[in-house]
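Asks: After the C-alpha cells below, expect a handful of questions from me.
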Amino acid sequence: MPVIMQTAASAPEQVREGLEAGAYYYLTKPYAPEALISIVRAALEDRRARVSLRTLAAHIEEAQKLLICAEYGFSTLEEISCLVPVLAGICPEPDRVAPGLSDLMVNAVEHGNLGISYREKSLLKWDGDWEGEIRKRLAQPEFRERRASVRIERTASAISFRIADQGRGFDWRKFLDFDPERVFDPNGRGIAMARMTSFSRLRYEGCGNVVVATVDLPAAA
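For the sequence shown, my numbering begins at 3 and goes up steadily by one.
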C-alpha cells in the first residue's frame, strides 16, 4: 500500500529516514489541494502498475505450466543471463536447475562457438579477462554469426533441455565427474556439478556439441 508522508520535515536526512521506512511520497506542509491530488494520483498509478506486474508474473508462471516445447537462440553471456531465469522457472525447483543450465549454456558459447580451450579459460580466469575475451571473439568475423540454441520439451514426467552449439565438440567423458587433477583450477567443475546437483540425467550426443539435461517431474497425485 502506498504511503504518503505529510510533514514539515524536509531536510535530506529526514526524507531519507522516511524513504527507508517505506514512505515514497512526500507532501511538505503547508500544501495546496492540487498538490495533494497530484501526489495521490501518482501513488495510485504506481500501485496499479505494481499490481499489474505481479498479476502478469503470475500469469506467466501459469502459462509456463502449459508449455510443450520451445526453442531459443543465444550467443552472448547477457542473453544467457536473460534466458536462464525463464527456463529454470519452468522447473519445480528453479534455484537448483539454474546454475546447471547456466554452466551448460556458457560452455556452448565459450568452448563450443568461440573455441576457447580448457587451458585458455584457466589462464583467462586467473588473469580476470575471461569476459573480455568472449566479447572480443564474438566480434571476430569467424565467430560473429555463430549461435547456440536451447530447446525445451515438457512431458507429463520430465522437462528436457537440449543445448546445441556450432563448435567441433570435445571429449566430454572426463568432465562428467570431479577430477582431483583439476581441483585447483578455477574452472572445469560445471558439467560435473550440473549432472550431480541440477538435473536428474545428463547426456552428450555425437561429438559433444549437443547436451541433453533432464529434470524429472514429481508424479501427479
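Every residue, glycine too, gets a C-beta built ideally from N, C-alpha and C. Owing to the predicted nature of the structure, the values given are computational and were not obtained by experimental measurement.
(1) Quick one: which unbroken alpha helix (DSSP H) runs of 4-plus residues sit fully inside the region 95–164? Chain order, please.
(2) For THR78, does the three-state DSSP call read helix, strand or coil?
(3) Determine the contact status of VAL164 and VAL88, defining contact as a CB-CB distance below 8 Å.
(4) To which residues of the same chain is SER77 closer than 8 Å at the C-beta, ignoring the five residues directly before and after it?
(5) Where does ARG52 fall in DSSP's three states?
(6) For CYS84 and MET107, I'd like the C-alpha separation in whole angstroms.
(7) Closest to GLU63 by C-alpha separation, out of GLY91, GLU47, VAL86, would be which residue?
(8) Can you give the beta carbon distance from GLY171 to GLY210, rounded, assuming they're within the 8 Å contact cut?
(9) Going along the chain, which residues of its own chain have a beta-carbon closer than 8 Å to the beta-carbon of CYS71, five neighbours each way excluded?
(10) Given LEU69, which residues of its chain have a CB within under 8 Å of its CB, disregarding the five upstream and five downstream residues?
(11) My assumption, with CB atoms under 8 Å, is that ALA160 sits in contact with ASP218. Please give the rounded CB distance.
(12) Alpha carbon to alpha carbon, how far is TYR206 from TRP174? Give it in angstroms, no decimals.
(13) Taking DSSP as the reference, what is the three-state secondary structure of CYS209?
(14) Whole angstroms are fine: how far does the CA of PHE177 sit from the CA of ALA223?
(15) Between SER162 and THR199, which are expected to be in contact by the criterion C-beta below 8 Å, what is the C-beta distance as a whole number of angstroms?
(16) Alpha carbons only, please: which of PRO143, TYR120, MET195, LYS123 is nearest the one belonging to ALA100?
(17) Exposed or buried, which one is ARG197 when buried takes at least 16 other CB atoms within 10 Å?
(18) Which partner residues does ARG203 have in the DSSP bridge list?
Replies: Straight from the coordinates:
(1) 96–109, 120–129, 132–140
(2) coil
(3) The residue you asked about is not Val; residue 164 is Arg in the sequence shown. Contact flag unset, no.
(4) VAL111, ASN115, LEU140, ARG148, ARG149, ALA150
(5) helix
(6) 12 Å
(7) GLY91
(8) 4 Å
(9) ARG153, ILE154, GLU155, ARG156
(10) ILE92, ILE154, ARG156
(11) 5 Å
(12) 7 Å
(13) coil
(14) Bear in mind that a pLDDT of 49 at ALA223, under 50, signals an unreliable position, so the model cannot answer this.
(15) About 17 Å; that fails the 8 Å criterion.
(16) MET195
(17) buried
(18) THR216
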